[in-house]
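These protein sequence lines are chains F and X, in that order.
Under our numbering, the first residue of the first sequence is numbered 398, with each subsequent residue one higher.
Under our numbering, the first residue of the second sequence is numbered 1122, with each subsequent residue one higher.
What follows is a set of notes on a single structure, which appears directly below.
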Amino acid sequence: MITKRIIPCLDVKDGRVVKGVNFLGLADVSSPVKLAEYYSRCGADELVFYDITASAEGRALFTDILRQVAERVFIPLTVGGGINTVSDFDRVLKCGADKVSVNSGAIRDPDLIPAAAQRYGSQCVVISADVKRVDGEFRVFAKGGREDTGMEAVSWIARCVENGAGEVVLNSIDTDGVKGGFDLEMLDAVCRAVNVPVIASGGAGCIQDFVTLFKALPKVDAGLAASIFHFGEVQISDLKRTLRDNDITVRL
Amino acid sequence: MIAIIDYGVGNLFSLSHSLMAVGADVEVTGDAETIRRADHVVLPGVGAFGDAADKLRENGLDAVVKAMAAAGTPVMGICLGMQLLLDVSYEFGTHAGLGLIPGEVRPIAEVIPANLKIPHIGWNRLDIARPHPIFKSVKAGDCVYFVHSYSGARCDASVIATAEYGAPLTAAVAKGNVCGCQFHPEKSGDVGLGILKAFCEWDGAAT
Chain F
398 MITKRIIPCL DVKDGRVVKG VNFLGLADVS SPVKLAEYYS RCGADELVFY DITASAEGRA
458 LFTDILRQVA ERVFIPLTVG GGINTVSDFD RVLKCGADKV SVNSGAIRDP DLIPAAAQRY
518 GSQCVVISAD VKRVDGEFRV FAKGGREDTG MEAVSWIARC VENGAGEVVL NSIDTDGVKG
578 GFDLEMLDAV CRAVNVPVIA SGGAGCIQDF VTLFKALPKV DAGLAASIFH FGEVQISDLK
638 RTLRDNDITV RL
Chain X
1122 MIAIIDYGVG NLFSLSHSLM AVGADVEVTG DAETIRRADH VVLPGVGAFG DAADKLRENG
1182 LDAVVKAMAA AGTPVMGICL GMQLLLDVSY EFGTHAGLGL IPGEVRPIAE VIPANLKIPH
1242 IGWNRLDIAR PHPIFKSVKA GDCVYFVHSY SGARCDASVI ATAEYGAPLT AAVAKGNVCG
1302 CQFHPEKSGD VGLGILKAFC EWDGAAT
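Right under this line is the structure:
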């Protein structure tokens, strides 16, 4: 059976990993290449890189870094951030990305997902949605979670999947950073609406949160987190062993 | 030298670098002469079977692969490249394959339960059906990375590994000096690198 995936997420700005990274034994903790190699060795099933650079120079640096990672790390790589056109897909896929995640770009341009899926296949196109509760409904937010689009999230995500997105990353703004567990209610609503892999993001604080996630929602395929891995609060190898001990299928 | 056949489908970046990582002398090429000089041949591929088969024929590379397979050169197909080794595909119509390994390419939807997601995407355990030199470093329980909606059917005795996804899906096939992996060894971490290394070391002798 397909294993549940554990995915560390790295935010990259001007060629360096941002958000505090605190590892013992890693000399250059903000090097995306070093971190990617480290996570791959620890058993990460996939890596997500978000380019949070604004400048064109930074963007060129990002693709250069991505190429260096893809030359050394042989697990699936997903890239997001600043993906607004099909040529942005082309730019990162040529540098070794396997999947490309779109967020604000898909909100601005409804044709982006169908065009990219047509060209590269649905398995390549990931819709990454930042979602928050507003007035009793789930709303899609744009621009890194700063702007309420007014759109109801579950139907919007379902539409993205119908249009060709082959995977969903659901980031709950409500639970993000709180470290009190994943947003099970929101995830359940999305899992019921789509039949493609759903990746849970936002809220993981400890190993038990992942156990709860996969036990409560068997349709969730993967758990994504950043700081708890970067700060060593959760070791991926410990996490996967605990999942296995709880009868959750993982790759060890 | 190991030739990765470049016939205009898919991205060969990770595949070429994974082979370099295991010490291979790699050429990514669509040139028939260069391919003929290779000691090992890798046939990659993503996308739709019909398009890929057409492109391979347009470039005359189908004949080159068949001739090298007949001459005993070890050949490995990966993902769609594995499917191209079979007799026929029923993806969007009926398309002839290279016929190097008996079998058909059929939708996995025909064999898996309706509640499972398609494509079959992610890490799944490789169940070895028959020992083969390319699996010499593979241990029980090892997982590899899959992304596909179609798979080999009626490959019978050529199946060397399966993956359980509501039904045993064909994960790898082999006949004589020709083999193929439905999964992506170049994206399967150390297990995948081990399989690529073993292929580079294989002389093509049948098991």
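C-beta atoms are modelled at their ideal positions from N, C-alpha and C, and glycine is treated no differently.
{"Query": "Pull up the distance between the alpha-carbon of Glu-630/F and that of Cys-603/F, whole angstroms please.", "Result": "7 Å"}
{"Query": "Which residues does DSSP pair with Gly-1198/X in a beta bridge?", "Result": "Leu-1164/X and Gly-1301/X"}
{"Query": "Helix, strand or coil for Lys-540/F per DSSP?", "Result": "coil"}
{"Query": "Taking buried to mean at least 16 other C-beta atoms within 10 Å of its own C-beta, is Met-1122/X buried or exposed?", "Result": "exposed"}
{"Query": "So that I know if they touch, is there some Cβ in chain F lying closer than 7 Å to that of Glu-1148/X?", "Result": "no"}
{"Query": "What are the boundary residues of the beta strand (DSSP E) that Lys-501/F is part of?", "Result": "Looking at the sequence itself, residue 501/F is Ser, so the reference to Lys does not match. Looking at the DSSP string, Ser-501/F is not in any beta strand (DSSP E); the run it does join, the alpha helix (DSSP H), is 501 to 505."}
{"Query": "Between the Cα of Val-587/F and the Cα atoms of Ser-437/F, Thr-460/F, Ser-525/F and Tyr-447/F, which residue gives the shortest distance?", "Result": "Ser-525/F"}
{"Query": "Rounded C-beta distance between Ile-510/F and Phe-538/F? I'm assuming under 8 Å.", "Result": "Actually they do not touch by this definition, with Cβ atoms about 18 Å apart."}
{"Query": "Counting beta carbon pairs with one atom in the segment 566 to 586 of chain F and one in the segment 528 to 538 of chain F, are three or more of them shorter than 8 Å?", "Result": "yes"}
{"Query": "Three or more beta-carbon pairs under 8 Å between the segment 1282 to 1297 of chain X and the segment 1140 to 1152 of chain X, yes or no?", "Result": "no"}
{"Query": "Are the C-beta atoms of Asp-485/F and some chain X residue less than 7 Å apart?", "Result": "no"}
{"Query": "Identify which residue in Ile-625/F, Lys-410/F and Leu-614/F has its Cα closest to the Cα of Gly-599/F.", "Result": "Ile-625/F"}
{"Query": "Excluding the five sequence neighbours on either side, which residues of its own chain have a C-beta within less than 8 Å of the C-beta of Ala-1226/X, listed in chain order?", "Result": "A small fix is needed here, since residue 1226/X is Val in this sequence, not Ala. These residues qualify, in order along the chain: Phe-1170, Gln-1204, Leu-1207, Val-1209, Ser-1210, Tyr-1211, Glu-1212, Gly-1218, Tyr-1271, Ser-1272, Gly-1273 and Ala-1274."}
{"Query": "Counting contacts by CB-CB distance shorter than 7 Å, is Arg-589/F in contact with chain X?", "Result": "no"}
{"Query": "Leaving out five residues on either side along the sequence, give the residues of the same chain with a beta carbon under 7 Å from the beta carbon of Met-583/F.", "Result": "Val-528, Phe-535, Leu-567 and Ser-569"}
{"Query": "Short of 8 Å Cβ to Cβ, which residues in the segment 626 to 647 of chain F face chain X?", "Result": "none"}
{"Query": "Would you decide whether Ala-457/F is buried or exposed? Buried here means 16 or more other CB atoms lie within 10 Å of its CB.", "Result": "exposed"}
{"Query": "Taking the C-alpha atoms as reference points, what is the distance between Asp-506/F and Ala-512/F?", "Result": "10 Å"}
{"Query": "Using CA coordinates, which residue listed in Val-522/F, Asn-643/F, Ala-623/F and Ser-634/F is at the minimum distance from Pro-615/F?", "Result": "Asn-643/F"}
{"Query": "Rounded to the nearest angstrom, what separates Leu-490/F and Ala-1184/X at their Cα positions?", "Result": "30 Å"}
{"Query": "Could you work out which residues of chain X lie near Gly-518/F, taking near to mean beta carbons separated by less than 8 Å?", "Result": "Val-1167 and Gly-1168"}
{"Query": "Name the DSSP beta bridge partners of Pro-1289/X, please?", "Result": "Glu-1285/X"}
{"Query": "Are at least three pairs of beta-carbons, each pair with one atom in the segment 1154 to 1165 of chain X and one in the segment 1224 to 1238 of chain X, less than 8 Å apart?", "Result": "no"}
{"Query": "Output the distance between the C-alpha atoms of Gly-455/F and Ser-428/F, rounded to the nearest integer angstrom.", "Result": "15 Å"}
{"Query": "What is the DSSP secondary structure of Tyr-435/F, reduced to helix, strand or coil?", "Result": "helix"}
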